[in-house]
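Trainee:
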Amino acid sequence: DPVPIVTQLVEMADAGAKRGAAALEQMAQDLPDPFMRQGMELVASNAPDDQIRFVLETELQFMEDRHEEGEKVVTGFADYAPAFGLIGTLIGLVAMLAGLGGGGGGGSAVEAVANGMAVALITTFYGAVFQNLIGLPLAGKLKAANQTEAAYKRVVIEGILMVSMGMRESLPPNILASRLSMYLPPLSASKPGALPPTFTDMLALLLTFFVFLMTMAEFDEAKLKDIFAHMSLAFGMEGASGAGVLAGGQS
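Sequential numbering of the sequence shown, starting at 1, is according to the working numbering.
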């Protein structure tokens, strides 16, 4: 939340203008944020503004590069998940075709086709789940967190430079507050640190609910056998397994 940061910077600017660099350095030792503490120590040591900006912006750039590397790893996982699901789909199709050709092992051709199709469908489903339920939402969260932290550090950099300017030119704290208020969002009604929900978050919740319902569902074995029998008719295997076909059923 940038509002407490602006308030803290205004207080430190007031202390530096009234009591000098010694008071500012003493207050900097109590700062919990190492980034802000480093900047205030540079101000207290009378470092030039261009050197202060160079040091802080370089550290900010390195932080963004580190976060982007982690985001790329998660994004790559999300990009490759459907490809691995497609590989499983091809394996299932090979097994299904082997069953059609009589190479399905000791079981019937219908069982081989059903097992192959099950593998083909479930691996495609897993690929979509890993991409949309885990990979993309996590990558989106990492990107949003990186942007939030970078925006926070940019506010800190500008505030530290204004504190340094205020100490040299004896600017009143209200001017510093009015300048830093430009970096505040127009509405601060959202909770501090909360990230807005995205479409992928809603999709992940729907998929989770669907999987939860599937795990609680009970399947009728007789109806499943009827479905497999109709599938055998659809693939032209009327003589492979005639058991379980509904009377008068047509594919």
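Glycine included, every Cβ here is placed at the ideal spot set by N, Cα and C.
Using DSSP with H/G/I as helix, E/B as strand and the rest coil, what is D220?
Mentor: Here residue 220 refers to the residue found at position 220 of the sequence shown. In this structure, D220 counts as coil in the three-state DSSP scheme.
Trainee: If you run the structure through DSSP and keep just helix, strand and coil, what is N174?
Mentor: Locating residue 174 in the sequence shown gives position 174, counting from the first residue. Note: N174 maps to helix in three-state DSSP.
Trainee: For G16, name the three-state secondary structure that DSSP assigns.
Mentor: The residue given as residue 16 occupies position 16 in the sequence shown. G16: helix per DSSP, three-state reduction.
Trainee: Would you decide whether M182 is buried or exposed? Buried here means 16 or more other CB atoms lie within 10 Å of its CB.
Mentor: Sequence index remark: in the sequence shown, residue 182 carries index 182 (1-based). Counting Cβ neighbours within 10 Å, M182 comes out exposed, since fewer than 16 surround it.
Trainee: Given a cut-off of 8 Å on the beta-carbon distance, is the pair G116 and A95 in contact?
Mentor: Along the sequence shown, read from residue 1 onward, the residue named residue 116 stands at position 116. Along the sequence shown, read from residue 1 onward, the residue named residue 95 stands at position 95. The answer is yes: Cβ separation under 8 Å.
Trainee: Residue range of the alpha helix (DSSP H) that F35 falls in?
Mentor: Residue numbering aside, residue 35 sits at position 35 when the sequence shown is read from its first letter. It spans 34-44 - the alpha helix (DSSP H) in which F35 sits, taken as one unbroken run.
Trainee: Going by the beta-carbon positions, is the gap between L142 and H67 smaller than 8 Å?
Mentor: By one-based count along the sequence shown, residue 142 stands at place 142. By one-based count along the sequence shown, residue 67 stands at place 67. Closer than 8 Å, so yes.
Trainee: Measure the C-alpha to C-alpha separation of P34 and G159 and round it to an integer number of angstroms.
Mentor: Taking the sequence shown and counting its residues from 1, one reaches residue 34 at position 34. Taking the sequence shown and counting its residues from 1, one reaches residue 159 at position 159. Rounded to the nearest angstrom, the two C-alpha atoms are 15 Å apart.
Trainee: Quick check on this structure: which residue in A139, M165, Q29, R19 has the alpha carbon closest to the alpha carbon of D49?
Mentor: For the purposes of this step, residue 49 is identified with residue 49 of the sequence shown, where counting begins at 1. Selected option, being the one with the closest Cα: M165.
Trainee: Taking the CB atoms as reference points, tell me whether A81 and Q131 lie closer together than 8 Å.
Mentor: Counting from one through the sequence shown, the residue named residue 81 turns up at place 81. Counting from one through the sequence shown, the residue named residue 131 turns up at place 131. Going by C-beta atoms, A81 is nearer than 8 Å to Q131.
Trainee: Pick out whichever of E57, F54, L24 has its Cα sitting closest to the Cα of E41.
Mentor: The residue labelled residue 41 in the question sits at position 41 within the sequence shown. Of the listed residues, the one whose Cα sits closest to E41 is L24.
Trainee: If I measure Cβ to Cβ from M12 and keep anything under 7 Å in the same chain, skipping five residues before and after, which residues do I get?
Mentor: Taking the sequence shown and counting its residues from 1, the one referred to as residue 12 is at position 12. Counting only Cβ-Cβ distances below 7 Å, and skipping sequence neighbours, we find L24, M27, M40, V163.
Trainee: Assuming contact is defined by CB atoms lying nearer than 8 Å, are V119 and G92 in contact in what I supplied?
Mentor: Start at 1 with the first residue of the sequence shown, and residue 119 comes out as number 119. Start at 1 with the first residue of the sequence shown, and residue 92 comes out as number 92. Yes, they are a contact pair.
Trainee: For V74 and I134, what's the separation of their Cα atoms in angstroms?
Mentor: Counting from 1 along the sequence shown, the entry for residue 74 is found at position 74. Counting from 1 along the sequence shown, the entry for residue 134 is found at position 134. Rounded to the nearest angstrom, the two C-alpha atoms are 9 Å apart.
Trainee: Going by beta carbon distance, what residues of the same chain come within less than 6 Å of L56, once the five residues before and after it are set aside?
Mentor: For the purposes of this step, residue 56 is taken as residue 56 along the sequence shown, with counting starting at 1. Once the five neighbours on either side are set aside, the close Cβ partners of L56 are G39, I157.
Trainee: How far does the alpha helix (DSSP H) with L161 in it reach, from first residue to last?
Mentor: Along the sequence shown, read from residue 1 onward, the residue named residue 161 stands at position 161. Looking at the DSSP string, the run of the alpha helix (DSSP H) that includes L161 is 136-169.
Trainee: As a quick exercise: from L176, D220, A222, pick the residue whose alpha carbon is nearest that of V6.
Mentor: For the purposes of this step, residue 6 is identified with residue 6 of the sequence shown, where counting begins at 1. Of the candidates L176, D220, A222, the one whose C-alpha sits nearest the C-alpha of V6 is L176.
Trainee: Can you list, in chain order, the residues of its chain with a C-beta nearer than 8 Å to that of A15? Leave out the 5 residues immediately preceding and following it.
Mentor: The residue labelled residue 15 in the question sits at position 15 within the sequence shown. For A15, where only same-chain residues beyond five positions count, the Cβ hits under 8 Å are A23, L24, M27.
Trainee: If you measure between the beta carbons of K153 and L9, is that distance less than 8 Å?
Mentor: Numbered from its first residue, the sequence shown carries residue 153 at position 153. Numbered from its first residue, the sequence shown carries residue 9 at position 9. No.
Trainee: On the criterion of 16 or more Cβ atoms from any shown chain inside 10 Å, does G20 qualify as buried, or is it exposed?
Mentor: Translated into positions along the sequence shown, residue 20 becomes position 20. By the 10 Å Cβ count, G20 comes out exposed.
Trainee: The alpha helix (DSSP H) that contains L24, what's its start and end?
Mentor: For the purposes of this step, residue 24 is taken as the residue at position 24 of the sequence shown. Element bounds for L24: 21-28.
Trainee: Whole angstroms are fine: how far does the CA of L233 sit from the CA of K223?
Mentor: Numbered from 1 along the sequence shown, position 223 holds the residue referred to as residue 223. Numbered from 1 along the sequence shown, position 233 holds the residue referred to as residue 233. Whole-angstrom Cα-Cα distance: 15 Å.
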